[in-house]
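Colleague: Right, I'll just put the structure down here and ask away after.
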Amino acid sequence: MKIGLVQYKYINNDIAFNLSQIEKAMISSRNKADLLCFGETFLQGFDALNWSFENDKNIAVTQDSEIIQRLCDLTLRYGIDLLFGYIERDGESLYSSCMVIEKGRILHNYRRVSIGWKEHSITDDHYREGTEITPFVYHDRKILLALCGDLWEYPERFRTDALMIWPVYVDFTIEEWHEEFEQEYPKQALLAAEETLMINSVTDSPKAVGGTFHMKNGRIIAKLPYDTEDILYVTIRDPSHS
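FYI, in this note's numbering the residues of the sequence shown are 31 to 272.
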């Protein structure tokens with residue numbers, strides 16, 4: 031199984047541009063990947079919300095929306111599956127979620143369980159966290175999802191023998207990555223899983239420079255350059271053949 035970790039730029043509140051970025055990555059990854067993974071809230075941008083539900087409900091998208099159907103159609107057109115973060119609306123509730131689409135259908139939808147995605151001191155009960163942490167199977171490999179602060183707040187709840195995929199949003203500088211966080215993130219990931227794929231996007235406002243790693247046994251074994259658009263391709267082998 032080949033997975034592409036996509037460190038591409040998004041623009042807050044510009045779903046059309048962000049969709050074009052997803053399609054650009056799919057075109058670039060033909061015959062290179064089975065699955066492309068994007069960062070946390072890539073579809074709308076991490077800072078797309080203003081914490082007024084009457085506004086934010088129109089930014090969030092439902093699982094049966096035309097936008098999600100378009101993404102389903104793209105997986106069929108290009109023969110590449112998708113994993114991406116987005117702001118989800120379910121009835122009168124909003125979530126920071128991560129969806130997996132396989133061959134035109136929703137395979138899995140995970141809702142972040144930690145509160146750091148929202149301004150929790152000013153938000154109301156419309157802004158919610160998920161409760162379920164369950165793996166899914168893709169290409170005969172068990173995979174577990176976590177979003178950003180999940181592995182910092184609840185690493186024990188995510189302890190797994192599955193492959194961990196960890197979309198995040200953080201805006202550390204390149205210097206901060208080199209001086210501290212390149213060491214801290216692999217250590218934290220190891221509290222939950224032996225092997226973790228982490229994806230952080232690039233964006234201009236506020237400035238984020240990425241931070242996309244293949245981590246194993248507490249260390250980074252492959253990464254992308256900071257502040258660039260690129261895709262890290264990782265081959266995940268069947269554990270029985272490793």
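Cβ coordinates follow ideal geometry from the N, Cα and C atoms, glycine included.
Considering just the uninterrupted stretch of the alpha helix (DSSP H) at Ala219, what are its terminal residues?
Modeller: Translated into the one-based positions of the sequence shown, residue 219 becomes position 189. Its alpha helix (DSSP H) spans residues Glu212 to Leu220.
Colleague: Can you tell me where the alpha helix (DSSP H) holding Ile98 begins and where it ends?
Modeller: Within the sequence shown, the letter at position 68 stands for residue 98. Here the alpha helix (DSSP H) through Ile98 covers Glu96 to Tyr108.
Colleague: Is the beta carbon of Ala63 sitting closer than 9 angstroms to the one on Ile131?
Modeller: Sequence index remark: in the sequence shown, residue 63 carries index 33 (1-based). Sequence index remark: in the sequence shown, residue 131 carries index 101 (1-based). No, they are not a contact pair.
Colleague: By a C-beta neighbour count over all protein chains shown, 10 Å radius and 16 as the cutoff for buried, is Gly121 buried or exposed?
Modeller: Here residue 121 corresponds to residue number 91 of the sequence shown, with the count starting at 1. By the neighbour-count rule (16 or more Cβ atoms within 10 Å), Gly121 is not buried but exposed.
Colleague: Check whether the Cβ atoms of Asp201 and Val239 lie closer than 9 angstroms to each other.
Modeller: As a working mapping, residue 201 is identified with position 171 in the sequence shown. As a working mapping, residue 239 is identified with position 209 in the sequence shown. Contact: yes.
Colleague: Which first and last residues belong to the alpha helix (DSSP H) in which Asn85 is found?
Modeller: The sequence position of residue 85 within the sequence shown is 55, counting from 1. Per DSSP, Asn85 belongs to the alpha helix (DSSP H) from Phe83 to Asp86.
Colleague: Going along the chain, which residues of its own chain have a beta-carbon closer than 7 angstroms to the beta-carbon of Lys237, five neighbours each way excluded?
Modeller: The residue labelled residue 237 in the question sits at position 207 within the sequence shown. Taken in chain order, the residues that qualify are Asp201.
Colleague: Indicate whether Cys67 and Pro165 have their beta-carbon atoms separated by less than 9 angstroms.
Modeller: Here residue 67 refers to the residue found at position 37 of the sequence shown. Here residue 165 refers to the residue found at position 135 of the sequence shown. The answer is no: Cβ separation not under 9 angstroms.
Colleague: Go through its chain and collect everything with a Cβ distance to Ala223's Cβ below 6 angstroms, but skip five positions before and after it.
Modeller: Translated into positions along the sequence shown, residue 223 becomes position 193. Excluding sequence neighbours, Ala223 sits near Thr190 and Met194.
Colleague: Could you check if Leu106 is buried or exposed, using at least 16 other CB atoms within 10 Å of its CB as the buried criterion?
Modeller: Counted from its first residue, the sequence shown places residue 106 at position 76. Label assigned to Leu106: exposed.
Colleague: In or out: Thr242 buried (at least 16 other Cβ within 10 Å) or exposed?
Modeller: Walking along the sequence shown from the start, residue 242 turns up at place 212. By the neighbour-count rule (16 or more Cβ atoms within 10 Å), Thr242 is buried.
Colleague: Can you give the Cα-Cα distance for Pro185 and Met56, rounded to whole angstroms?
Modeller: To locate residue 185, count along the sequence shown from 1; it is residue 155. To locate residue 56, count along the sequence shown from 1; it is residue 26. Taking the straight line from one Cα to the other gives about 32 angstroms.
Colleague: Counting only beta-carbon separations shorter than 9 angstroms, does Lys39 have a partner in chain C?
Modeller: In summary, chain C is missing from the structure at hand, where a single protein chain is found.
Colleague: Could I get the ranges of all uninterrupted alpha helix (DSSP H) runs contained in the segment 158 to 222, with 4 residues as the minimum, in chain order?
Modeller: Here the runs fully enclosed are 180 to 183 and 212 to 220.
Colleague: If you measure between the beta carbons of Leu101 and Met228, is that distance less than 9 angstroms?
Modeller: Position 71 of the sequence shown, counted from the first residue, corresponds to residue 101. Position 198 of the sequence shown, counted from the first residue, corresponds to residue 228. No; because the gap between Cβ atoms is not below 9 angstroms, this pair is not in contact.
Colleague: What are the start and end residues of the alpha helix (DSSP H) that includes Ser50?
Modeller: The sequence position of residue 50 within the sequence shown is 20, counting from 1. Ile45 to Ser58 is the extent of the alpha helix (DSSP H) around Ser50.
Colleague: The beta strand (DSSP E) spanning Tyr140 covers which residue range?
Modeller: Taking the first residue of the sequence shown as position 1, residue 140 is located at position 110. Run containing Tyr140: Arg135 to Arg141, per the beta strand (DSSP E) assignment.
Colleague: By Cβ distance below 8 angstroms, which residues in the same chain neighbour Lys217 in space, the five residues on each side in sequence not counted?
Modeller: Reading the sequence shown from its first residue, position 187 is the one you call residue 217. Closer than 8 angstroms at Cβ, skipping near neighbours: Gly248.
Colleague: What are the boundary residues of the beta strand (DSSP E) that includes Leu254?
Modeller: In the sequence shown, counting from the first residue as 1, residue 254 sits at position 224. Here Leu254 belongs to no beta strand (DSSP E), and DSSP marks it neither H nor E.
Colleague: Out of curiosity, what's the CA-to-CA distance linking Leu49 and Asn80?
Modeller: Here residue 49 corresponds to residue number 19 of the sequence shown, with the count starting at 1. Here residue 80 corresponds to residue number 50 of the sequence shown, with the count starting at 1. Cα-Cα distance, rounded: 21 angstroms.
Colleague: Excluding the five sequence neighbours on either side, which residues of its own chain have a C-beta within less than 6 angstroms of the C-beta of Ala176, listed in chain order?
Modeller: Taking the sequence shown and counting its residues from 1, the one referred to as residue 176 is at position 146. Within the same chain, Ala176 has close Cβ partners Phe188 and Trp196.
Colleague: Is the beta carbon of Ile117 less than 9 angstroms from the beta carbon of Thr71?
Modeller: By one-based count along the sequence shown, residue 117 stands at place 87. By one-based count along the sequence shown, residue 71 stands at place 41. Yes. Within cutoff.
Colleague: Considering only DSSP beta bridges, list what Lys39 is partnered with.
Modeller: Here residue 39 corresponds to residue number 9 of the sequence shown, with the count starting at 1. Its beta-bridge partners are Val232.
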